[in-house]
Amino acid sequence: MAMRAVNQLAVFFVLLLLTIDDYLMAEASWRRRIVGDIAWAMDVVPVKRAQDSAKRGNGMVSLATLDRDTRTILVIGRNTFFVADLSPGDKIRIEGSAVGLKVLNIEGDHKMTVDGIDFPEGVPLPDENVGYDILGRVDTKVVFEKVLDKLTAGGAVGIFPEGGSHDRTELLPLKAGVALIAYSAFEKIGQSVPIVPVGLNYFRAHRWRGRAVIEYGQPISLNPKTMPDYEAGGLRRRNVCNQLLENIETSMKSVIVSTPDFETLELIHTARRLYQRKTGPMNISEKQDLSRRFAEGYKRLLLMTNGKPPTEWLDLQSRVVEYRNELKHLGLKDYQVNALVGEHLDATMNVKEVDGDVVLSFLQLPYHIVHLLLLVALAAVPVMLLNLPVGVLAGLYAEQRRKRALAKSKVKIHGYDVMLTEKVMFCIVMVPLMWMFYGFLLFFLTELDRPTIALGILSMPLFSYTGIVAAEAGMVDLMDLRPFFMRLFPSARRRLAALPEKRRILQKDLRAFIRSIGPGLGEIYFKPDINWKEIIEASKSSDGMDPNKPK
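When you line the sequence shown up against mature numbering (1 follows the signal peptide of the UniProt record, and there is no 0), it's residues -26 to -1, 1 to 525, in that order.
Structure representation (structure tokens):
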């Protein structure tokens, strides 16, 4: 069986299984055209989710904890119709919360009790009247039977245990379904099903040609000794399922870079780029490992200082943020800063002494210009005719879908996680239609014979792909040319000239600070190879003291 997690944006990370035969998919997505058709062809199992059919409840409610029972919550309604609208087993979701509270007993139209075990600890109950949503009870028996049949036959199933996609930098609370499937499979086939965490770490996931790094973690299994507790049902079953979920969550966190927010994630990535040594290019796995060390080190630093890091770090952090913002304002990447160093340009020079022609001849400017012109010549026609029209429309369509998904979701921050999916779905329909449109134009507006027109239409996919590859390479050239172009303007010239020295000093101070605190960080500083599952498990005991952890 396999599972999911966040990133970098997005964050966003996903657990799947190693060799997947089937996936579980939200029924709401399964019913959509295109993506649903593809899912049907792949024999994906649709899962009905309560939140997909959520409806606004009548009236308003207030909540209070019953005496001597902190797990049961009393719900008092105003202008409500609990008897008609709800049944035991349904859930209500308080306005502003993503947690569903299971209805235990309905005592009348204005009074009922719900199970508060899933309500976040430390969050006060709303004692004033608030709105609420009704989440109808979902029968998952058919889904479970299909999954168990697949596992019994020796197959693998991909599961997203967070229950849906999001763009947060931390995991959402895992749904209990994955634990129930694991125990049910053990009950049916008599042996534990391996659960493999697979992290999908996205970079620019909402844009074309974004990247995703896939990491596989160590398989985990349930403890056979807990089966009697599972079979006993009730609270004992809930406890062993929660223990398994905690184990799964730990494994999932071992294959992602988890941070409290996106700003911290950006800070960590910038610090990692500054810190890494010039021993040759790092591969993706090495970059992920170093980013994970920085994320864990940042957490340990806050714990070591009780949430009050030293002034030295606060000053260093503000300088890293300032450096990152300067790069953004100038439209540069960190790797380009070293290329700004040269004999023709010095930070101590008077701006008037720097001749624009000398600047333009600096480094590999002629190569970039010639290469870009060749790419433009190669990509101009296919990009303008085959890719650009659909690309622009796909972007507009995806933005509308993003806003709609964000309005419906209780957990999304920006809704970027849906954008590329919507772009791809739009293009699957519109690109062939555009090719057909061009074919009709060639047929009715030219004197070309039919074989020539057919050959032209059949060649459009090749030209379109060539345009994409050439345009991507051209964008790299444009980014590399930007510093040269900006040097022509006196207002930006001195800022560019000062960047290499600023980076060098910042890098030196960052490395010195890490050397000073490194021994106190333990194995993440000393060991070249780390078992991240063990690291996450070891830090569990300190989670409650984590000043960066939301309460």
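C-beta atoms are modelled at their ideal positions from N, C-alpha and C, and glycine is treated no differently.
- Our two residues, Ile91 and Leu148, have alpha carbons roughly 14 Å apart in a direct line.
- Looking at the DSSP output, Arg52 sits in a beta bridge with Met34.
- Taking C-alpha positions only, Pro457 is separated from Arg469 by approximately 11 Å.
- Between the alpha carbons of Leu248 and Ile491 lies a gap of roughly 17 Å.
- The Cβ atoms of Gln192 and Val231 lie no closer than 8 Å to each other.
- For Ala186, the beta-bridge partners assigned by DSSP are Tyr176.
- Val131 and Leu(-3) do touch by the CB rule: their CB atoms are close to 7 Å apart, below 8 Å.
- Looking at the DSSP output, Gly82 shares a beta bridge with Lys85.
- Per DSSP, Ile194 lies in no alpha helix (DSSP H) segment and is marked neither H nor E.
- Beta-bridge partners assigned by DSSP to Val385: none are found.
- The segment 443 to 497 is shown to contain whole alpha helix (DSSP H) runs of 4 or more residues at 464 to 495, in chain order.
- The closest CA to that of Lys377, considering only Phe177, Ala368, Leu407, Gly389, is found on Gly389.
- For the segment 224 to 252, the full-length alpha helix (DSSP H) segments reaching 4 residues or more read 236 to 249 along the chain.
- Ala2 is positioned such that its CB atom lies no closer than 8 Å to that of Arg30.
- With contacts defined by Cβ atoms closer than 8 Å, Ser166 and Pro198 form a contacting pair.
- Each residue's CA atom was taken as its position, placing Pro100 and Ile68 some 9 Å apart.
- Taking C-alpha positions only, Arg185 is separated from Met393 by approximately 14 Å.
- Spatial neighbours of Lys227 in its own chain (CB-CB distance under 6 Å, excluding positions within 5 residues in sequence) are listed in chain order as Ile510.
- Annotation for Asp59: Gly31, Asn32, Ile108 place their beta carbon closer than 7 Å to its own, counting only its chain and skipping 5 residues before and after.
- For Thr46, the three-state secondary structure derived from DSSP is strand.
- If you draw a straight line from the Cα of Glu240 to the Cα of Glu296, it comes to about 12 Å.
- Inside the segment 250 to 319, DSSP marks whole alpha helix (DSSP H) runs of 4 or more residues at positions 258 to 278, 285 to 304, 308 to 311, from first to last along the chain.
- Three or more beta-carbon pairs drawn from the segment 301 to 313 and the segment 448 to 464 are found closer than 8 Å, and the two stretches are therefore classed as touching.
- Following the DSSP letters along the chain, one finds Ala206 inside the alpha helix (DSSP H) bounded by residues 201 to 206.
- By the neighbour-count criterion, in which a residue is buried when 16 or more other Cβ atoms sit within 10 angstroms of its Cβ, Tyr272 is buried.
- At the C-beta level, Ala466 and Leu349 stay beyond 8 Å of one another.
- Closest by C-alpha distance to Val77, out of Arg181, Ile66, Ser292, Ala353, is Ile66.
- Residues of the same chain with a CB within less than 7 Å of the CB of Pro20, apart from the 5 flanking positions on each side, are Met(-2), Glu1, Trp4 in chain order.
- Look at the beta carbons and you see the segment 432 to 439 not touching the segment 416 to 424: under three pairs across the two are nearer than 8 Å.
- Closest option to Gly369, judged by alpha-carbon separation, among Val121, Ser36, Trp182, Ser158: Trp182.
- Rounded to the nearest angstrom, the gap between the Cα atoms of Glu497 and Asn280 is 20 Å.
- Following the DSSP letters along the chain, one finds Met408 inside the alpha helix (DSSP H) bounded by residues 393 to 419.
- The beta carbon of Lys85 sits closer than 8 Å to those of Leu48, Val49, Ile50, Gly51, Phe56, all from its chain and outside the five residues before and after it, given in chain order.
- Closest in alpha carbon position to Phe414, among Ile431, Ile402, Phe400, is Ile431.
- Comparing alpha carbon positions, the residue from Glu270, Thr238, Val229 closest to Ile258 is Val229.
- In the three-state DSSP reduction, Lys507 falls in the helix class (H, G or I).
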